[in-house]
Amino acid sequence: MELNLRSLKKIARVAGFLYLIIILAGGFAEAYVREGLTVTGNAAATAQNILASEQLYRFGFVADLVVLIAGTILSLIFYILFKAVNRNLSLLALIFSILASSVMAVNLLNQQAPLLLLHNSTYLKAFSIEQLQTQSLFFLNLQSQGYNISLFFFAFYFPIIGWLVYKSNFLPPVLGFIYMMAGIGYLVNSLAWFLSPHIAVYLFPYVLLPAFIGESSMSLWLIFKGVKVQTNKIDSGNIDRTLL
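Heads up: the sequence shown is residues 3 to 246, going by our numbering.
Put into structure tokens, the structure is as follows:
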């Protein structure tokens, strides 16, 4: 029992550090690289930025791969942590995470497309430079849409994990509530871009503030506080084996 308790605390802190990596790498790739190099509505300027900062662009791609790897491990750890609270909900959260990560992984092909188009002189035999630049911006816009689709699926992951945190006996209930709010932020953001892009422009990035607070809070709590479980309640305390 004592060994299980030590293991539980250890993997919880590993989860916290993985989450911190996800936040930093994801923020670098999205906010610094893509947002920094893309000029909305200007294909030529965007192409010039990518070619002038090609190494930075490639680092952004690798950062996204790091997010995917760390996120997959984190989702598995969360399943291990919360399956004693509710195995079915933990599994459902894992499925949503895998689905969202799969979309994000395939979507990275759209991010690589501009490098292929702008670097291969063979394409100049069929397209002008302006056409290749326009296609590059199209793929970046497509990447943005794919990213929002991925966040849409993640939006359902957060309320489930938040509920499991709330029902658990080893993390503070308020952390679960904050984590649920993160999911709402992602959901509103994605739906706004899908249904009314003109409104989404005004909502972004403020609508993602709950997500930043929720994910940062979870990461820092797991790193510095970890989980608290009474040794006599590891297997039976506050276990909810129903869907609700």
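Glycine included, each C-beta is placed from N, C-alpha and C at the ideal position.
Should residue i go down as buried or exposed, given a rule of 16 or more other Cβ atoms within 10 Å for buried?
i: residue 181; result: buried
i: residue 131; result: exposed
i: residue 124; result: exposed
i: residue 9; result: exposed
i: residue 185; result: buried
i: residue 175; result: exposed
i: residue 245; result: With a pLDDT of 36 at residue 245, under the threshold of 50, the modelled position of this residue cannot be trusted; read the value that follows with caution. Exposed.
i: residue 199; result: exposed
i: residue 159; result: buried
Could you check what DSSP says for residue i in three-state terms: helix, strand or coil?
i: residue 230; result: coil
i: residue 95; result: helix
i: residue 22; result: helix
i: residue 41; result: coil
i: residue 87; result: coil
i: residue 128; result: coil
i: residue 63; result: helix
i: residue 170; result: coil
i: residue 10; result: helix
i: residue 207; result: coil
i: residue 219; result: helix
i: residue 246; result: Residue placement at residue 246 is poorly supported in this model, since its pLDDT is 36, which falls under 50; the coordinates still yield a value, given next. Of the three classes helix, strand and coil, the one that applies to residue 246 here is coil, per DSSP.
How close, in whole Å, do the beta carbons of residue i and residue j come, if the pair is a contact with beta carbons under 8 Å?
i: residue 212; j: residue 183; result: 4 Å
i: residue 119; j: residue 134; result: 5 Å
i: residue 162; j: residue 94; result: 6 Å
i: residue 21; j: residue 221; result: 4 Å
Looking only at its chain, what residues have a beta carbon closer than 8 Å to the beta carbon of residue i, apart from the 5 residues adjacent to it on each side?
i: residue 63; result: 31, 110, 113, 114
i: residue 67; result: 110
i: residue 210; result: 187, 188, 191
i: residue 28; result: 65, 66, 69
i: residue 129; result: 137
Using a Cβ-Cβ cut-off of 6 Å (strictly less than) and excluding sequence neighbours within five positions of residue i, which residues of its own chain qualify?
i: residue 24; result: 69, 72, 73
i: residue 48; result: 40, 41, 139
i: residue 151; result: 105
i: residue 77; result: 96, 99
Going along the chain, which residues of its own chain have a beta-carbon closer than 7 Å to the beta-carbon of residue i, five neighbours each way excluded?
i: residue 238; result: Reliability of the predicted coordinates at residue 238 is poor, the pLDDT of 39 falling under 50, and the value obtained from them is presented with this limitation in mind. Nothing listed; no residue qualifies.
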